[in-house]
Every structure is written in structure tokens, then in C-alpha cells.
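Trainee: Handing you this structure, nothing more for now.
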Amino acid sequence: SMGLVTAVFGGVVRDVLAHRPTMFNNTEMYATPVILGCSLYVLFLKIGVNSLVSSILCMAFIVFLRIYTLIKKINFPSWLVMK
Numbered sequence: 001s002m003g004l005v006t007a008v009f010g011g012v013v014r015d016v017l018a019h020r021p022t023m024f025n026n027t028e029m030y031a032t033p034v035i036l037g038c039s040l041y042v043l044f045l046k047i048g049v050n051s052l053v054s055s056i057l058c059m060a061f062i063v064f065l066r067i068y069t070l071i072k073k074i075n076f077p078s079w080l081v082m083k
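For the record, in the sequence shown the residue sitting at position 46 is 46 according to our numbering, with numbers rising by one throughout.
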């Protein structure tokens, strides 16, 4: 869970300091891959998968999903974005 907090809110702090719109103000899927990857990690641990294997698989999943959403330009619908 600490990885989730630092991954998501580290980006928010970066955006605030750089005077850029934060992830809460745009439709980019920024935190969703991290949330899904962390949830997958917990699931793997619950079913008994080795923690090292779980970590590697989940990190690869997060990187792949993040790159995939960037390449395919997959965004949240505008009605889900905070205004």
C-alpha cells in the first residue's frame, strides 16, 4: 500500500510543483494501472504466490498497462473527471 501512495501522490506533488494540472483534473489514466497492479499483488499473496514472483509480475503488469494506455490514448470519460 505504501507503493501505491508514493506512486500516486508523488505524481500529484510533481504536478503541483510544476504548475501542471494534476491527475484529478484530466482524463489520463494515471493511477488506475497502479491501483490494479497493487490489487493484483494482494490477490497473488492471498492465493500463495511467492512474493518475489508476485512483485515482478505486478510491476510488469503496471508498466505494460501504463504504456498501453498511453499508446492507445485510452482516457477516462470526461464525466468521471473532477471539475
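The beta carbon of each residue, even a glycine, is placed where N, CA and C say it ideally should be. All values reported here derive from a predicted model rather than from experimental measurement.
Give the single residue among G11, I47 and G37 whose Cα lies nearest to the Cα of L65.
Mentor: Per the Cα distances, G37.
Trainee: May I ask which residues mark the beginning and end of the alpha helix (DSSP H) holding Y30?
Mentor: Neither: Y30 is in no alpha helix (DSSP H) and is coded neither H nor E.
Trainee: Span of the alpha helix (DSSP H) holding M63?
Mentor: The sequence given here has Val at residue 63, not Met. V63 -> alpha helix (DSSP H) spans S51 to I71.
Trainee: When you compare only the Cα positions, how much space is there between T32 and V42?
Mentor: Rounded to the nearest angstrom, the two C-alpha atoms are 16 angstroms apart.
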